[in-house]
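Under my numbering, the residues of the sequence shown are numbered 14 to 218, in order. I have placed the structure first, in the form of structure tokens, so that the comments after it can refer back to it.
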Amino acid sequence: MKPVRIVIMAKAPIPGLCKTRLIPALGEKGAADLARQMLTNTIKMAIESGAGRIECCMTPSPESLPGLVTSYPTEINWTKQVDGDLGIKMAAIVRRVIDEGESIILLGTDCPGLSTVHIQKAAQWLQHGDVSLIPVDDGGYCLIGLNQYATELFSAIPWSTSNVTEITRQRILALGWRLFESESLFDIDVPEDLSRLQTEYLQTN
Numbered sequence: 014m015k016p017v018r019i020v021i022m023a024k025a026p027i028p029g030l031c032k033t034r035l036i037p038a039l040g041e042k043g044a045a046d047l048a049r050q051m052l053t054n055t056i057k058m059a060i061e062s063g064a065g066r067i068e069c070c071m072t073p074s075p076e077s078l079p080g081l082v083t084s085y086p087t088e089i090n091w092t093k094q095v096d097g098d099l100g101i102k103m104a105a106i107v108r109r110v111i112d113e114g115e116s117i118i119l120l121g122t123d124c125p126g127l128s129t130v131h132i133q134k135a136a137q138w139l140q141h142g143d144v145s146l147i148p149v150d151d152g153g154y155c156l157i158g159l160n161q162y163a164t165e166l167f168s169a170i171p172w173s174t175s176n177v178t179e180i181t182r183q184r185i186l187a188l189g190w191r192l193f194e195s196e197s198l199f200d201i202d203v204p205e206d207l208s209r210l211q212t213e214y215l216q217t218n
């Protein structure tokens, strides 16, 4: 069985760079503060899951943010995202990790309902199946776990639309891969999502 690597994709919590759709409600600093809290909680969950070694793949380059890197546990490996759209970035990460002989659990930081148990279950399934997937209510997904790489899972996907999970699911099935899909969660993208954050986020942390 291959070891699992947990890779967290994130934008650095810099005012004006991250969570831009929340700026009208929170302001640039408030949106960045929320992004930092969510990054911190995601890293904490990944560590507590014990599912594998942890990489945080950032934009911009982590070397340009030494204060951010040193504020987190030294066991985190920090890397830079490649240029391109979300699909290009995700494909590059997955291909690199798979080529290095590991399975991957790739996740973002926008889903406050994601827990250590979700990560553990995703890792456990990869010992028996091919793909772990956790969808979110808006039609995307917050976690994908893979034992192998396929370009079609990341190319020509209409990212940030309600069709992402369904298209991804269809392509996984077309590959003949065994899929484990968890219950749907919610993520925080737009001001309307903040009310759920206030009521549900505190209950999951």
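Note that the Cβ used here is the ideal one computed from N, Cα and C, for glycine as well. Note that the structure is a prediction, hence the values are computed from the model and not measured.
Beta-carbon within less than 6 Å of residue i's beta-carbon, same chain only, minus the 5 sequence neighbours each way: which residues are those?
i	result
M22	C70 and G121
P75	V82 and W91
G142	R191 and F193
W138	S145 and F193
A187	none
Express the C-alpha separation of residue j and residue i in angstroms, rounding to a whole number.
i	j	result
L159	T174	22 Å
D123	I67	17 Å
R109	I117	10 Å
G8	Q183	For the chain, the structure presents residues 14 to 218; residue 8 sits outside this window and is missing.
M51	F193	25 Å
D112	K134	23 Å
Y162	L127	24 Å
P16	K93	22 Å
S84	K57	13 Å
D151	I157	16 Å
R49	E41	12 Å
G153	E115	25 Å
D46	A136	30 Å
Q189	F199	A small correction: the amino acid at residue 189 is Gly; Gln does not occupy that position in the sequence shown. Near 28 Å, if we compare the C-alpha coordinates of F199 and G189.
Please name the residue, chosen from the options, that lies closest to residue i on a Cα-to-Cα basis.
i	options	result
V228	V144, S62, A25 and L39	Within the shown structure, residues of the chain are numbered from 14 to 218, placing residue 228 beyond reach of any answer.
T72	E88, C31, Q183 and D46	C31
W172	D98, K57, L156 and G80	D98
L207	K15, L35 and L198	L35
I19	V95, C155, I185 and S84	C155
E88	V95, L188, G65 and I185	G65
V149	I27, N176 and K57	N176
P28	A44, A38, P16 and K15	A44
I147	Q140, H141 and L119	L119
S195	R209, D202 and T178	T178
Which same chain residues, not among the five before or five after residue i, have their C-beta less than 8 Å away from its C-beta?
i	result
L215	With a pLDDT of only 47 at L215, under the threshold of 50, the placement of this residue in the model should not be trusted; the figure read from the coordinates follows. Result list for L215: empty, nothing under 8 Å.
T33	A44
Is the beta carbon of residue i less than 8 Å from the beta carbon of residue j?
i	j	result
T129	S197	no
P204	P37	yes
N144	I201	Just to set this straight, residue 144 is Val in the shown sequence, not Asn. No, the Cβ-Cβ distance between V144 and I201 is not below 8 Å.
P125	L210	yes
Quick one: what's got a C-beta closer than 7 Å to residue i's C-beta in the same chain, skipping five residues either side?
i	result
L78	A25
I180	I170
V95	I101, K102 and A105
A59	I19, I21, I67 and I132
Q140	M14
Does any residue of chain D have a CB that is nearer than 8 Å to the CB of residue i?
i	result
M22	In the structure shown, chain D cannot be found, because there is only a single protein chain.
For the 8 Å Cβ check, are there 3 or more pairs between the segment 151-168 and the segment 88-106?
-> yes
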